[in-house]
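As they're listed, the protein sequences go chains A and B.
Read left to right, the first sequence gives residues 6 to 176 (our numbering).
Read left to right, the second sequence gives residues 6 to 176 (our numbering).
The C-beta atom is built at its ideal place from N, Cα and C for all residues, glycine as well.
Number of protein chains: 2
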Amino acid sequence: MPVRLDSANPSTMDEDEVIGKIARMPEKSFGYLVRRCHRRFDRLLNARLATHDIKTGFWYYLRVLWIRDQVTQKYLSDMTNVAENTTVTMIEGMVNSGLVQREVDATDKRKRLVGLTPYGRSLENKLMGHAVEINRIATRGIKEEDLEVSRRVLARMSENLQQELRREGVG
Amino acid sequence: MPVRLDSANPSTMDEDEVIGKIARMPEKSFGYLVRRCHRRFDRLLNARLATHDIKTGFWYYLRVLWIRDQVTQKYLSDMTNVAENTTVTMIEGMVNSGLVQREVDATDKRKRLVGLTPYGRSLENKLMGHAVEINRIATRGIKEEDLEVSRRVLARMSENLQQELRREGVG
DNA sequence: AAAATATACTTCGATATCGAAGTATATGAA
DNA sequence: TTCATATACTTCGATATCGAAGTATATTTT
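What follows is the structure, given as structure tokens:
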């Protein structure tokens with residue numbers, strides 16, 4: 006059967022047709038679209054942070070800590086969507102850079118609470134501006150209504166994927 | 006001035022308000038939403054590919070080569086959104102794994118054309134099914150109409166960011 | 001209370017990625 | 001034609017990331 010590359014309706018396509026379509030048209034695949042977009046967000050952010058001598062890897066943790074201070078590494082991993090062993094390394098780096106400090110939780114000695122130093126806290130105002138501006142650049146010329154739909158869709162896809170990851174015992 | 010965390014309209018928010026809002030509500034930030042979504046796509050794909058002994062790093066290149074064979078490393082970098090030096094390393098790995106081969110372009114000796122081996126080509130059917138299924142899982146329960154809006158938005162954001170990256174001389 | 005299980009963190013070795021700076025070849029300008 | 005610039009690829013050293021397996025502490029079950 007020939008593969009139609011145009012406006013075929015997914016719900017009426019059979020299996021081979023769907024595979025063919027996504028195979029030949031990455032722009033139809035959310036995996037592709039999301040990855041490409043992410044790479045570019047990340048690169049731009051990276052370039053901006055470099056001018057402040059902040060490693061991109063630290064950014065995501067700072068972002069969490071500015072909202073809630075004194076949290077476990079587990080919590081940071083969940084919020085940043087980064088594996089726990091990665092978080093260990095990153096937090097060590099942040100401690101060495103004087104951004105955060107760590108102490109064992111008195112009531113549960115398995116936990117180590119991570120807290121901002123005054124220096125870490127002081128970066129918020131300086132750095133958040135970049136995040137805001139990059140978001141503004143990215144969304145330029147797009148209707149607020151469509152942005153809102155997309156936020157919902159991205160959140161829902163994340164949920165769907167998380168559920169599947171758990172189901173398959175990944176992470 | 007107090008920051009309203011509810012349904013403020015961005016177009017009427019002043020600077021501090023926008024920063025405060027995005028700072029405290031990462032779910033409003035596309036940088037955050039896209040990254041989280043990407044991480045989960047990537048992890049799930051990774052878990053699937055591991056069962057076929059294929060490194061995730063190779064996947065994106067295979068994906069391009071299945072559509073168009075015998076292309077330059079530059080082309081591969083552009084299509085995969087990966088820096089050229091990364092592509093060098095990856096293609097070397099793929100050559101060693103017997104997935105592709107390389108030859109200098111006769112008409113332009115700067116170029117090295119990368120082409121699939123029969124083995125590399127033979128993986129397409131086996132592996133594309135995973136990509137399709139993961140997309141299906143991710144988009145479960147979302148209206149096709151909203152998906153289409155989101156595809157457009159993601160593509161447009163990628164364009165906007167690309168333009169800015171060029172403007173700032175990044176990449 | 002002892003044993004089994006779960007949770008938080010860590011260590012290890014590997015992979016994926018980049019920026020900066022370098023080499024070889026091609027193209028355009030003087 | 002020769003010099004300057006651009007393009008494609010490479011090398012190097014660093015960062016960001018993970019999976020698997022290990023340790024310490026807490027919680028649950030028997």
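Once DSSP output is grouped into helix, strand and coil, what is the label at residue i?
i         : result
Arg-117/A : strand
Arg-145/A : coil
Gly-98/A  : helix
Val-175/B : coil
Glu-169/A : helix
Asp-21/A  : helix
Ile-27/B  : helix
Ile-59/A  : coil
Pro-15/B  : At Pro-15/B the pLDDT is 48, less than 50, meaning the model places this residue with poor confidence; the figure from the coordinates comes in the next sentence. In the structure shown, Pro-15/B sits in a helix (DSSP, three-state: H, G or I).
Please name the residue or residues paired with residue i in a DSSP beta bridge.
i         : result
Glu-108/A : Leu-118/A
Val-87/B  : For Val-87/B, which the question treats as bridged, DSSP gives no partner whatsoever.
Val-76/B  : Val-119/B
Between which two residues does the alpha helix (DSSP H) holding residue i run?
i         : result
Gly-103/B : Run containing Gly-103/B: none; DSSP gives neither H nor E here.
Val-39/B  : 35-55
With 16 other CB atoms within 10 Å as the buried threshold, where does residue i fall?
i         : result
Asn-130/A : exposed
Met-6/B   : At Met-6/B the pLDDT is 33, less than 50, meaning the model places this residue with poor confidence and gives no usable figure here.
Met-30/A  : exposed
Arg-73/A  : exposed
Lys-79/B  : exposed
Arg-115/A : exposed
Ser-82/A  : buried
Lys-26/B  : buried
Gln-167/B : buried
Asn-165/B : buried
His-36/A  : Per the sequence shown, residue 36/A should be read as Gly rather than His. Gly-36/A comes out buried.
Ala-111/A : exposed
Thr-2/B   : Because chain B here runs from 6 to 176, residue 2/B falls outside it and cannot be looked at.
Tyr-124/B : exposed
Ala-88/A  : exposed
Asn-101/B : exposed
Thr-92/B  : buried
Glu-153/B : exposed
Thr-144/B : buried
Arg-9/B   : For Arg-9/B, the pLDDT reaches just 36, beneath the cut-off of 50, and the residue's location in the model is therefore unreliable, although a value from the coordinates is still provided. By the 10 Å Cβ count, Arg-9/B comes out exposed.
His-57/B  : exposed
Glu-173/A : exposed
CB of residue i to nearest heavy atom of the ligand MN: below 7 Å?
i         : result
Glu-108/B : What this structure holds is no ligand at all, so the ligand MN is not there to describe.
Check distances from the C-beta atoms of the region 63-80 of chain A to those of chain B and list, in chain order, the residues that come in under 9 Å. Tyr-65, Arg-68, Val-69, Trp-71, Ile-72
Going along the chain, which residues of the region 147-166 of chain A sit with their C-beta nearer than 8 Å to a C-beta in chain B? Ile-147, Glu-149, Asp-151, Leu-152, Val-154, Ser-155, Arg-156, Arg-157, Val-158, Leu-159, Ala-160, Arg-161, Met-162, Ser-163, Asn-165, Leu-166
Using a Cβ cut-off of 9 Å, which residues of the region 130-145 of chain B contact any Cβ in chain A, in chain order? Asn-130, Met-133, Gly-134, Ala-136, Val-137, Ile-139, Asn-140, Arg-141, Ile-142, Ala-143, Thr-144, Arg-145
Given a limit of 7 Å on CB to CB distance, which residues of the region 34-45 of chain A reach chain B? Ser-34, Phe-35, Gly-36, Leu-38, Val-39, Arg-40, Arg-41, Cys-42, His-43, Arg-44, Arg-45
Taking a cut of 8 Å between CB atoms, which residues from the region 101-112 of chain A lie near chain B? none
According to a CB-to-CB cut-off of less than 7 Å, which residues of the region 81-96 of chain B neighbour chain A? Asn-86
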